[in-house]
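Here is the structure we will look at, set down as structure tokens.
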Amino acid sequence: LGAVIPKLADFILSGFNETVNFRVPLFSFTLLCYCVILFINISLVLLIVLDANLHEPMYILLSSFCINAVYGTTGFYPKFLSDLLSSSQTISYEGCLLQAFIMYSFGCCDLSILAVMAFDRYLAICRPLHYHSFMTKRRLSQLVCFSWLTPLCTFSINIVLTSKLRLCGINIQRVLCLNWLIVKLACPEADTFSNNISAYVIFIFYVSHGFFIMWTYMHLIKTCVRSRDDRLKFMQTCVPHLISLITFLSVIVFQYVYLRLDSTDLSQSLQNFIAIEFLIIPPVMNPLVYGFKLAKIRNRIFTLVHYKTK
1 LGAVIPKLAD FILSGFNETV NFRVPLFSFT LLCYCVILFI NISLVLLIVL
51 DANLHEPMYI LLSSFCINAV YGTTGFYPKF LSDLLSSSQT ISYEGCLLQA
101 FIMYSFGCCD LSILAVMAFD RYLAICRPLH YHSFMTKRRL SQLVCFSWLT
151 PLCTFSINIV LTSKLRLCGI NIQRVLCLNW LIVKLACPEA DTFSNNISAY
201 VIFIFYVSHG FFIMWTYMHL IKTCVRSRDD RLKFMQTCVP HLISLITFLS
251 VIVFQYVYLR LDSTDLSQSL QNFIAIEFLI IPPVMNPLVY GFKLAKIRNR
301 IFTLVHYKTK
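The sequence shown begins at 1 in the UniProt record's numbering and counts up one residue at a time.
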């Protein structure tokens, strides 16, 4: 049996081993990527907050989407950047649990917001007469709270269960902490049954979000086929959501399968990219897709740019 590791011990992030020869260009690229993510997401949030014409459910949910992107990426990029400049890449036990919590809650909060956005589009297109009576400010606030508090509460339980495990290892084969990677370090005799059950319950719960989104889009497509105006509304407001959804699901499913299979045939650099792609692609792409596809936001951006160039 492996020796029990004290919980005050630091974890070693061994995913940095192959970055020794190109840390400076990687640091520069990562810093640029993080700055772009912060700029486009915060700009979109400020645009929605400051423009009274954008104080509609769809745009409020979009701002929540962007705030979540800032939350998730801030849980990773600053630590990653400091590790690239450091001679030793370690993270404290508490810091590792916190980062794992942020990574999982960020991903599931994205899916919850996508589900609420799909519901909003379903009401707007399939039930237009009931839309304004149902989607009140109070109801919108409840839906936003649901999309944020549910992931935070469920993963709090998950992280508490992980914190009770006795660990027999400190070597994490990635550049960031994920809950599944910490559980893998548990001693052979440690009881991980509760962790596995919790993980599967959470997985099923969020898979149900995916089925709900599929159900809403089945109704949306059936409704839009009948009317030219509905088809136009679908193309303008639902296509960005659909692109975000497909991107998110592709990245997360790939990430989940990769983590579970734990393939060692791939190079460390490719493994690192797979591990962090959900922190690169959606946070950059989503605000750009929505910003240029939604007419009100696009027109507002063009107005601001035209005003600045005068």
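Glycine included, C-beta positions come from ideal geometry on N, C-alpha and C.
Between L62 and L50, the alpha-carbon positions lie close to 14 Å from each other.
By the CB criterion at 7 Å, N171 and S269 fall outside the cutoff. Sequence-distant Cβ neighbours of H241 in its own chain, meaning closer than 8 Å and more than five residues away, are L114, M117, A118 and R121. At a Cβ-Cβ threshold of 7 Å, W148 and C108 do not count as neighbours. Comparing alpha carbon positions, the residue from L84, K233, T154 and I125 closest to Y200 is T154.
7 Å or more divides the Cβ of I125 from the Cβ of L44.
Residues of the same chain with a CB within less than 7 Å of the CB of A100, apart from the 5 flanking positions on each side, are I159, C177, L178, N179 and I182 in chain order. By the 16-neighbour rule on beta-carbons within 10 angstroms, H209 is buried. In the same chain as L185, and ignoring 5 residues on each side of it, the C-beta atoms closer than 6 Å to its own belong to L167 and G169, in chain order. A direct Cα-Cα distance of roughly 11 Å separates S105 from I157.
Each of T162, T30, M218 and P57 was checked against the Cα of R138, and the nearest Cα belongs to P57. Here Q271 is buried: its Cβ has 16 or more other Cβ atoms, across all protein chains shown, within 10 Å. Per the C-alpha coordinates, the member of S92, L161 and Y290 positioned closest to T192 is L161. By the Cβ-count criterion, D229 is exposed, with fewer than 16 other Cβ atoms from all chains shown falling within 10 Å of its own Cβ. Within the DSSP secondary-structure output, L13 pairs in a beta bridge with I172.
The closest CA to that of L279, considering only W215, N53 and G72, is found on G72. The continuous alpha helix (DSSP H) containing E94 extends over residues Y93 to C126. The Cβ-Cβ distance between I243 and V289 falls below 7 Å.
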